[in-house]
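Numbering (numbering that gives the first Met the number 0), first residue to last: 0 to 114.
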Amino acid sequence: MVTFTAGWQKIFSDDPKVGFFTQRARYADVLDAGQVLAPAKHLADMHTVVTNSTVDGVLIALFLVLVTVVLGNAAVVCVRAVRSGVPMPTTEAPYVESRIDVSDQPAEPLAEVHS
Numbered sequence: 000m001v002t003f004t005a006g007w008q009k010i011f012s013d014d015p016k017v018g019f020f021t022q023r024a025r026y027a028d029v030l031d032a033g034q035v036l037a038p039a040k041h042l043a044d045m046h047t048v049v050t051n052s053t054v055d056g057v058l059i060a061l062f063l064v065l066v067t068v069v070l071g072n073a074a075v076v077c078v079r080a081v082r083s084g085v086p087m088p089t090t091e092a093p094y095v096e097s098r099i100d101v102s103d104q105p106a107e108p109l110a111e112v113h114s
């Protein structure tokens with residue numbers, strides 16, 4: 000819940016130190032005026048901040064949508080399990096003992112170490 004709240008704030012905050020899209024808008028406005036805003040030192044840095052803020056905001060929004068879908072699906076499964084009079088089916092495969100016998104083979108190193 001804390002991470003979801005933080006993600007929400009990163010998307011919708013009006014503070015450019017917190018919100019990705021607010022930071023993007025601030026830097027884009029200054030970039031359109033042909034100026035440089037700290038910590039950027041060049042116009043190319045300004046473009047990088049605008050691009051990165053946009054990508055970060057979109058990714059956070061996507062992750063929050065995915066978290067919401069997973070939580071919604073989990074809630075549906077839980078409600079079905081509570082309402083059902085019989086146990087829910089599982090998809091776990093039964094235990095099968097391995098038929099591989101390596102007891103007479105020496106162990107091989109996982110990786111060689113070069114000094």
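Note that CB positions come from ideal geometry on N, CA and C, so glycine has one too.
As the structure is a prediction and not an experimental result, all values here were calculated from the model.
> When you compare each of 76, 43, 21 to residue 55 by their alpha carbons, which one comes out closest?
Replying inline: 21
> Does the segment 8-28 come close enough to the segment 83-92 to have 3 or more Cβ pairs within less than 8 Å?
Replying inline: no
>> With the cut-off set at 8 Å, would you say residue 35 and residue 45 are in Cβ contact?
In response: yes
> In the structure shown, what three-state DSSP assignment does residue 56 receive?
Replying inline: helix
> Does the pairing of the segment 61-77 with the segment 4-15 give three or more beta-carbon distances under 8 Å?
Replying inline: Between the segment 61-77 and the segment 4-15 there are three or more inter-stretch CB-CB distances shorter than 8 Å, so the stretches are counted as touching.
> For the candidate residues 33, 66, 39, 19, whose alpha-carbon lies nearest to that of residue 0?
Replying inline: Nearest C-alpha to residue 0: 66.
> For residue 71, is the classification buried or exposed, using 16 other Cβ atoms within 10 angstroms of its Cβ as the cut-off for buried?
Replying inline: exposed
>> For residue 77 and residue 90, what's the separation of their Cα atoms in angstroms?
In response: 16 Å
> Contact check, residue 48 vs residue 37 under 8 Å by CB: the rounded distance?
Replying inline: 11 Å between Cβ atoms; not a contact.
>> Quick check: what's the CA-CA separation for residue 68 versus residue 74?
In response: Residue 68 and residue 74 have their C-alpha atoms some 10 Å from each other.
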